[in-house]
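Reminder that position 72 of the sequence shown reads as 101 in this note's numbering, one-by-one numbering, no gaps.
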Amino acid sequence: MMVCSSSSLHLAISSFRFDQKRQMQRSTGFPHLVAALALGCVLGSSAAGANGQSRPFATSCALKETTVITLIEDHAEAQDVPSDKLGEAGLAMLRARLACYEGRVDEALALYDGILKLGPVVSSRKP
Numbered sequence: 030m031m032v033c034s035s036s037s038l039h040l041a042i043s044s045f046r047f048d049q050k051r052q053m054q055r056s057t058g059f060p061h062l063v064a065a066l067a068l069g070c071v072l073g074s075s076a077a078g079a080n081g082q083s084r085p086f087a088t089s090c091a092l093k094e095t096t097v098i099t100l101i102e103d104h105a106e107a108q109d110v111p112s113d114k115l116g117e118a119g120l121a122m123l124r125a126r127l128a129c130y131e132g133r134v135d136e137a138l139a140l141y142d143g144i145l146k147l148g149p150v151v152s153s154r155k156p
């Protein structure tokens, strides 16, 4: 199981902010978000093993995170939300994850709930 540490999440957030400013003309910032998350988790898993001080991820955070990730990915696929809003949602998700790892579960859940305000995915497909 992969664990993301606080320091790697800070790194991922700061690197994504840099890329988001630099790449604003591109169609979507979502691939950069995914890359930043992957980098943060890879670095975090090695750092957690080295210092042994990672905190457990609360179950309530994990459940909300799964819902949020799915929502962000679905909106990205449907292209029904501007990419800058998806980027902001991704950064909020990173802040929520960091809060969970630091034991601030109530704050994290509030952040996750804010992301869920993106609303349902609007699909142009008819059943």
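Here a beta-carbon is modelled for each residue, glycine too, at the ideal position from N, C-alpha and C.
Measure the C-alpha to C-alpha separation of LEU138 and ILE98 and round it to an integer number of angstroms.
When rounded, the distance between both Cα atoms is 14 Å.
Examine chain B for any beta-carbon lying closer than 8 Å to the beta-carbon of TYR141, and answer yes or no.
Although the question refers to chain B, the structure presented lacks it and comprises just one protein chain.
Go ahead and label ARG84 buried or exposed: buried means 16 or more other beta carbons lie within 10 angstroms of its beta carbon, across all protein chains shown.
Under a 10 Å Cβ-count criterion, ARG84 is classified as exposed, with fewer than 16 other Cβ atoms of the shown protein chains found around its own Cβ.
Taking GLU102 as part of the alpha helix (DSSP H), name the residues at either end of that continuous run.
Element bounds for GLU102: 88 to 107.
Can you list, in chain order, the residues of its chain whose CB lies under 8 Å from that of VAL151, leaving out five sequence neighbours each side?
ALA107, ASP109
Are the beta-carbon atoms belonging to LEU145 and LEU100 less than 8 Å from one another?
For LEU145 and LEU100, yes; Cβs fall inside 8 Å.
For the alpha helix (DSSP H) containing LYS114, list its first residue and its last residue.
112 to 130
Which whole-angstrom value is the C-beta distance of ALA105 and LEU115, which I expect to be below 8 Å?
ALA105 to LEU115, Cβ: 6 Å. Contact.
In whole angstroms, what is the alpha-carbon distance linking GLU131 and LEU120?
17 Å
Which same chain residues end up closer than 7 Å to GLU136 when comparing Cβ atoms and leaving out the 5 residues on each side of it in sequence?
ALA128
How far does the alpha helix (DSSP H) with GLY158 in it reach, from first residue to last?
No answer is possible for residue 158: it lies beyond the span of the chain, which begins at 30 and ends at 156.
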